[in-house]
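For the sequence shown, the positions run 102 to 260 when the working numbering is used.
By construction, the Cβ of each residue, glycine as well, lies at the ideal position given by its N, Cα and C atoms.
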Amino acid sequence: MNEIKEWWNQASTRDQVALVVCGGLVALYLLYIVLLKPVSEMRDTQLRKNVAQQEALERVRELAAAYVSQQGSSSDDAQKGSLVEMVDSSLRKNNLKLSGMQPSGANDVRLRLEQIPFDNLLAWLYEVEVNQRMQVRDISVATGSAKGLVSVNLRLHRE
102 MNEIKEWWNQ
112 ASTRDQVALV
122 VCGGLVALYL
132 LYIVLLKPVS
142 EMRDTQLRKN
152 VAQQEALERV
162 RELAAAYVSQ
172 QGSSSDDAQK
182 GSLVEMVDSS
192 LRKNNLKLSG
202 MQPSGANDVR
212 LRLEQIPFDN
222 LLAWLYEVEV
232 NQRMQVRDIS
242 VATGSAKGLV
252 SVNLRLHRE
């Protein structure tokens with residue numbers, strides 16, 4: 102350490118100033134490389150991620166709006182006509198015979214179907230729930246007189 106002090110004292114003032122200025126510049130450069138550059142790169146990366154997230158959010162909003170408008174139009178189509186008419190036409194379309202129907206209010210109906218093919222029942226229930234947006238609130242299924250036939254009591258509800 103004494104050798105460095107001795108060398109420093111022997112150096113000219115101009116050399117000492119040059120060493121201090123260059124040392125300061127090297128220290129600033131190291132500070133930039135070690136601290137500021139990585140922080141700046143992390144900030145730029147985060148900004149790019151934020152932009153990508155905003156674009157993804159906008160796409161989701163557009164898809165949600167399209168879905169909502171599609172749901173609104175399909176539910177409007179499904180809501181046309183009375184509940185009794187909708188049930189009757191869908192039963193006829195699936196070759197099912199109605200034994201009894203008891204409407205209860207504008208949005209509920211009880212049905213009795215006797216000796217119908219189970220496969221046709223499942224296809225009709227799918228159509229009623231998915232396409233016509235009705236819900237099966239209660240259902241009871243009993244085996245019929247022949248293989249593959251069932252008797253059903255159910256209650257449908259339309260929102």
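If you run the structure through DSSP and keep just helix, strand and coil, what is residue 241?
The count along the sequence shown starts at 1 and reaches residue 241 at position 140. It is a strand residue.
Any idea which residues DSSP pairs residue 210 with across the strands?
Residue numbering aside, residue 210 sits at position 109 when the sequence shown is read from its first letter. According to DSSP, which records beta bridges pairwise, residue 210 is partnered with 204, 257.
Is it buried or exposed, residue 225, if we count other Cβ atoms within 10 angstroms and call 16 or more buried?
One-based indexing of the sequence shown puts residue 225 at position 124. Flag for residue 225 reads buried.
Quick one, are the C-beta atoms of residue 241 and residue 216 less than 9 Å apart?
Position 140 of the sequence shown, counted from the first residue, corresponds to residue 241. Position 115 of the sequence shown, counted from the first residue, corresponds to residue 216. No, these two residues do not count as a Cβ contact at 9 Å.
Starting from the C-beta of residue 209, find all residues in its chain whose C-beta is less than 6 Å away, skip the five residues before and the five after it, and write them out in chain order.
The sequence position of residue 209 within the sequence shown is 108, counting from 1. Cβ within range, chain order: 258.
Nearest-angstrom Cα distance between residue 196 and residue 221?
Residue numbering aside, residue 196 sits at position 95 when the sequence shown is read from its first letter. Residue numbering aside, residue 221 sits at position 120 when the sequence shown is read from its first letter. Answer to the nearest angstrom: the Cα atoms are 7 Å apart.
Within 10 angstroms of the Cβ of residue 147, are there 16 or more other Cβ atoms? Answer buried if so, exposed if not.
Numbered from its first residue, the sequence shown carries residue 147 at position 46. Flag for residue 147 reads exposed.
To the nearest angstrom, how far is the alpha carbon of residue 163 from that of residue 149?
Here the question's residue 163 lines up with position 62 in the sequence shown. Here the question's residue 149 lines up with position 48 in the sequence shown. If you take the alpha carbons of residue 163 and residue 149, they lie about 21 Å apart.
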